[in-house]
Structures are given as C-alpha cells and as structure tokens.
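In my numbering, the protein residues as written are 119 to 814. Ideal placement from N, C-alpha and C gives every residue a C-beta, glycine not left out. Contents: one structure, followed by commentary.
Following this line, the structure appears as structure tokens:
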C-alpha cells in the first residue's frame with residue numbers, strides 16, 4: 119500500500135496523469151488489447167462512473183464539482199475508445215467463444231441478461247431510451263436554460279455584491295470571492311451546455327456501434343469462420359449486447375450525474391439532506407399517503423400485504439415526525455427579536471462599517487483578471503507598481519497606491535481607471551495579443567485586429583504574439599497588453615496629479631523639508647497655512663512641475679508670500695525660480711527653443727479682458743472671462759500649432775506674457791494636450807529662442 123501511495127504521489131507531483139491518459143487512449147485505438155486488459159479497463163470505467171455520480175449527489179452546489187464538464191469529456195472519450203478496442207477483440211476472436219472478449223463482457227452477456235440475446239437486446243434498447251430520450255434530453259435542456267439565465271443574471275448579481283459591500287455586510291475579500299464564484303458559475307454552466315452534447319452524442323454512438331458490431335460479427339462468423347448463421351448470430355449477439363451493456367450502464371450513470379448537477383438550485387445541503395428534509399417536512403403528507411395505501415389495500419384483488427406494509431411504515435414515520443415537532447421549542451416572535459436586537463444595540467451602524475472611496479483604482483473585465491494572477495506572474499501588478507514608483511520619484515510626491523480588482527460590470531476585455539470613485543478613462547484591450555504601433559515609416563501591413571491606442575488615440579493593430587518579429591522588422595513598435603494599460607494609467611495619473619495630492623501630502627512634504635532645512639520649514643509654515651500650501655502645490659502639479667527639489671520651492675514661497683497670497687501668483691513665482699528645470703524637462707540640457715508667440719492683436723485682447731475683469735473684482739488669473747470669438751480662435755489654432763511643431767520633431771512651445779500664461783495654460787490642457795505654455799519670465803538666460811510662427 120505504501121508503494122502504491124508513493125506511486126500516486128509521484129504521478130501527481132510530476133503531472134504525468136494527463137499524458138498517461140492520452141497514451142492509454144491512443145493504445146486502445148491503435149493496439150489490440152488482451153482480454154485481461156479489457157476487463158480491467160471496463161471495470162475502471164464502471165468504478166469511475168459510480169464515483170462521479172456519488173460525488174454529484176454529495177456536492178452542496180454545482181461549483182463544488184466545477185471540473186465535471188471536463189470529466190464528462192474524458193469519460194466519454196475513454197468509453198468510445200473502449201468500444202473500439204472491444205469491437206476489435208469481438209470481431210477478431212469472437213468465433214473462439216464468448217470468453218474471448220473478456221470476462222466482463224461475457225458476464226454481462228450471460229449473467230445480466232440470462233444468456234438470452236433477445237432479452238439483452240430489449241434491455242439494451244430500454245436503457246438507450248432512458249438515457250437518450252429521458253435523462254440526456256432533460257439535462258441538455260436544463261443546461262441550455264441555466265447557461266442563458268446565469269449570463270443574464272450576471273449584472274444583477276454584481277450589483278448585489280457591490281450593494282452588500284457598500285452596506286458593510288461583507289468585506290473586500292468576501293466581495294472578491296463572490297465575484298470569482300459568479301465568473302466560475304457562468305463558465306461552468308456554459309461548459310455544461312456544451313458537455314451535454316457529448317453525452318447525447320455518446321448515446322447515439324452506442325446505438326450505431328451495437329448495430330455495426332452485430333451485423334459485422336455475424337458476417338465474419340458465417341463467411342470467414344464457417345459458422346452456421348444461427349450459431350454466429352447467437353454467439354456474436356451475446357458478446358455485442360454484453361459489450362453494449364457494459365458501456366451503456368456507466369453512460370447512464372454519468373448522464374444521471376449530469377442531470378443531478380444541473381438541477382441543483384440550492385447550496386444549503388447535499389442532495390440527500392435536501393430530499394430528506396423536504397420530503398419529510400410535513401407529517402400530514404405522510405399520514406395522508408398512509409391512508410391512501412390503506413384504501414388500496416382493502417380493495418378486493420389488490421396485493422394487500424404489500425400495500426398494508428407500506429401504509430404502516432408511512433403512518434409510523436408520520437407519527438414520529440409529528441411527535442418530534444410537538445416537542446420542538448417554539449419559534450421566537452420576530453417582532454420581539456427585532457426589539458431585543460435594537461435594545462442590545464446589535465444592529466447599530468458604526469463609522470468603521472462604512473466603505474471608503476478608493477482614491478485611485480484600476481478595474482478589469484474578467485478576461486483581463488489573469489494579468490494580476492500571481493500564478494501567472496501578475497505582469498500588470500508589477501507594471502502598476504512601477505508606474506507609481508517612477509511617477510512618485512519624478513514628481514517628488516508619494517502618489518496613492520492603485521487598487522486593482524475585477525469588475526464584472528465591465529465588458530470581458532475592458533478596463534476602467536477611476537479617481538475618487540469617478541471613472542476617467544475606459545478602453546478595451548486583448549490580453550492574448552500584442553499592440554503594434556506604426557512608426558512614421560513602415561514597410562508593410564500587418565494582419566490583426568485594428569484598434570486605437572487607449573493612451574494617445576493612435577491607430578494600432580493587435581497582432582498575435584508569433585507576429586512580433588515580423589512587426590519589428592516592418593518598423594512597428596510592439597508592446598504587450600500590461601504595458602498598454604500601465605501607459606494609459608500613467609497618462610491619467612500625470613494629468614490628475616493635483617487631485618491625487620491631498621492635505622496629508624502637504625504635511626509629509628513639510629516633514630521632508632524639515633529634515634533638509636528646519637528653519638526654512640518653520641518660515642514656510644508661518645508664511646502660508648496648510649490650505650494655502652495645498653493650493654500652490656496643486657497649481658504646480660497641474661502644470662506637471664516636480665516638487666522633488668522642495669528647498670528652492672519653499673524659499674521662493676517664503677519670499678513671495680509677503681506680497682501676495684494668491685496661489686496662482688505664488689505658483690508663477692515658483693515656476694520662474696525653477697525655469698531651468700522646467701525648460702530642461704521639455705527640451706533637454708542644450709536644445710534650442712523654437713516657439714510660437716501670440717499676435718499683438720490677440721495679446722492685447724487678452725490683456726484687455728484681464729484688465730476689465732480686474733476693474734470689477736479680483737478674478738482668478740486662470741479663468742477670467744474672454745470674448746467667445748477669441749475662445750473659439752484658441753480652440754481651433756492651439757492644436758494646429760502643436761501638430762505643426764510635432765511634425766518638425768520640435769517640442770511644442772507657446773511663449774506668452776506672464777499675466778495671461780495661467781489662462782492660456784488651462785486652455786492648452788483642454789484644447790491641445792502636450793502644448794507647453796511658458797511665460798517670458800520662464801525662459802532661462804542661456805537659452806536661444808527662435809520664434810517660428812504666431813498664434814492669432
């Protein structure tokens with residue numbers, strides 16, 4: 119026994135069970151098997167069918183036996199190849215006697231049907247009718263309906279999970295487990311819908327194999343082995359029917375197991391518990407049945423001993439159940455229970471039961487969940503962590519962690535990026551493909567699915583992984599699906615840095631400054647309160663100005679705070695102090711600055727609008743009202759100059775007066791993302807500036 123256990127352990131550890139199974143299938147199809155081997159395989163087939171139906175009966179819910187569709191396929195394939203092997207043996211050696219096909223086939227031909235091939239044929243036909251017409255047909259219909267209803271119910275179930283999560287009934291882990299169960303349930307019923315076709319096909323194949331074996335055996339016995347027609351028919355009919363029965367009995371068991379699995383509607387217990395508890399739930403029903411059996415027993419000519427015995431049995435069971443119910447404790451009054459719970463404070467809502475809104479989240483459709491599966495290396499999780507780390511280091515602030523989870527409300531290949539619960543971006547990608555991005559010069563076309571780059575809205579082609587080398591050779595840039603999502607996430611985070619920067623981050627930034635320059639940190643706190651600092655830092659992050667070098671930023675704020683507390687004015691002073699870093703980030707260390715500026719007419723219109731707004735109050739420098747025609751002019755021309763400069767491989771820069779830079783920078787972010795709006799004060803002295811055009 120220990121040696122056998124070690125053998126099974128080694129097979130499981132090295133995962134050789136599937137190759138051995140396939141090898142056995144091929145052997146049964148190709149090689150003539152000895153009768154002893156056939157006996158062992160037929161016995162194993164029967165044992166496996168018994169185990170499967172017992173597991174189906176004891177399973178509390180269909181998902182407890184989610185591998186069942188695969189088992190149906192494996193057992194059906196094994197049974198059909200066994201039929202091929204047994205047919206070969208019966209036709210080759212059947213003239214030697216019924217024992218030539220093995221003891222199992224002989225036993226089913228002689229013992230089960232009494233050696234009478236007519237009885238055997240009738241029994242076989244009855245089994246086929248039960249299996250094919252009744253069990254298989256019903257299970258197939260239930261599988262189809264269950265698959266359709268399960269898919270239709272997915273959105274409602276997902277909303278129920280979210281409602282329970284938001285209500286604090288379940289935690290995040292339980293919600294994720296329920297979502298996984300829902301996805302598995304949908305996959306299971308879809309697979310069962312297809313697996314029922316295997317069972318139906320197996321039943322049809324059994325009928326055809328019986329007919330072929332019967333006529334083929336009689337022809338071989340009569341024509342090739344000089345047997346009389348009657349002897350050949352009797353001998354080959356017994357073996358053929360025995361072969362058919364030994365295959366159809368396990369098939370009937372598996373069909374019944376499939377029907378049991380798909381007809382389960384509750385997970386409160388296994389089939390035996392549910393049937394027992396529900397059939398015996400009412401003593402009145404059993405006592406009524408006992409009375410009906412007693413009436414049948416007293417009718418003249420009826421077999422009264424049998425009817426009276428069952429009447430007595432039902433009456434006894436009903437009496438015991440009624441007596442047990444009388445001694446059961448009375449149920450509590452629901453109203454009193456509710457009042458007691460209220461009095462004890464059991465259902466009081468607390469703050470810690472309320473769910474939190476995720477600051478930054480990435481949700482995935484179920485086809486993309488494998489990208490965060492640790493068993494598959496979790497490539498997307500690694501990319502997301504890398505994006506957060508790189509962006510945090512470059513911007514000098516610790517960005518919040520990204521919550522990555524599945525969401526069945528999304529399309530299977532869709533993902534969504536949300537900040538503070540509001541979805542900012544959605545896109546569809548293909549987890550099993552690569553995205554090929556065309557360069558300015560490509561040398562051919564690729565076969566694949568056309569699409570749009572989620573981050574930069576460029577036309578792309580989704581190609582199979584095998585086409586990567588060809589795509590690179592044709593001049594395409596190729597990236598995988600996790601990198602596509604991570605790039606999109608990086609863009610969304612970079613565009614919303616101000617929203618991701620919070621009050622606690624101001625305190626953390628102050629602690630970093632205190633470690634570097636304690637006196638300066640104290641002076642900054644005295645000059646500007648935390649809320650004022652937050653507004654300034656957010657204004658800088660909106661323009662993607664890094665806070666990494668916090669010392670000169672704080673120095674500038676302390677010096678400028680004496681003259682103005684306006685966060686936009688203070689941010690402009692910081693930008694002027696950091697002009698070398700800002701321009702270097704755009705052009706590199708030595709690049710010549712080629713830029714557009716405004717026409718004198720447009721510049722005067724904007725300065726006049728600002729002056730007029732200042733006469734009526736204190737307007738925000740980034741949102742004072744301007745003429746609608748001027749606004750439309752900016753909306754049309756800003757993207758044009760950006761695209762012109764990009765076509766000439768030049769960083770798009772627009773130089774403007776300092777007073778109107780905040781307003782034009784905001785319009786640049788809205789109308790022409792990627793256009794760098796700089797004031798004349800932000801140009802380093804050592805940079806050569808070349809004006810190549812005007813806007814206006």
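Contact annotation: residue 241 and residue 363 have beta-carbon atoms nearer than 8 Å.
Classified as buried, residue 763 has 16 or more neighbouring CB atoms from the shown chains inside 10 Å of its CB. Residue 498 places its beta carbon less than 8 Å from that of residue 600. The beta-carbon separation of residue 361 and residue 204, rounded to 5 Å, stays under the 8 Å limit for a contact. When only Cα atoms are considered, residue 267 and residue 741 end up about 53 Å apart.
Rounded to whole angstroms, the gap between the alpha carbons of residue 671 and residue 644 is 15 Å. In this structure, residue 635 and residue 669 form a Cβ contact; the two beta carbons are roughly 6 Å apart against a cut-off of 8 Å. Taking the C-beta atoms as reference points, residue 813 is found nearer than 8 Å to residue 716.
Less than 8 Å divides the Cβ of residue 317 from the Cβ of residue 376.
Burial state of residue 594 is buried, judged by a 10 Å Cβ sphere holding 16 or more other Cβ atoms.
In the displayed model, residue 256 falls within a helix according to three-state DSSP. Taking 8 Å as the upper bound for CB-CB distance, residue 581 and residue 589 are in contact here, some 6 Å apart. Between residue 631 and residue 577, the alpha-carbon positions lie close to 45 Å from each other. Segment contact: the segment 778 to 790 against the segment 749 to 766, three or more CB-CB distances shorter than 8 Å; contact assigned. Pairing residue 406 with residue 244, the inter-Cα distance amounts to about 34 Å. In the displayed model, residue 714 falls within a strand according to three-state DSSP. Counting every other CB atom within 10 Å of its CB across the protein chains shown gives residue 169 a total below 16, marking it as exposed. Using a C-beta cut-off of 8 Å, the segment 604 to 615 makes no contact with the segment 523 to 531, since fewer than three inter-stretch Cβ pairs fall below that distance.
For residue 536, the uninterrupted beta strand (DSSP E) run begins and ends at 532 to 537, by DSSP. In its chain, beyond the 5 residues on either side, 521, 536 have a beta carbon closer than 6 Å to the beta carbon of residue 479.
DSSP links residue 595 through a beta bridge to 555. The C-alpha of residue 616 lies about 31 Å from the C-alpha of residue 491. With a beta-carbon spacing of about 16 Å, residue 770 and residue 797 fall beyond the 8 Å limit used to define contacts.
If you look at residue 807, you'll find it in the beta strand (DSSP E) that goes 807 to 813.
Judged by beta-carbon spacing, residue 139 lies within the 8 Å limit of residue 192, meaning their Cβ atoms are closer than that value. Inclusion of residue 477 and residue 618 in the CB contact set at 8 Å is warranted, their separation being smaller than that value.
Shortest Cα-Cα distance from residue 675 to any of 664, 691, 661, 662 involves 691.
Distances from the CA of residue 573 to each of 545, 585, 557, 321 were compared; the closest alpha carbon is that of 545. Between residue 703 and the set 723, 210, 664, the nearest pair of CA atoms involves 664.
Every alpha helix (DSSP H) stretch that sits fully inside the segment 737 to 786 and reaches 4 residues is listed by chain position as 746 to 765.
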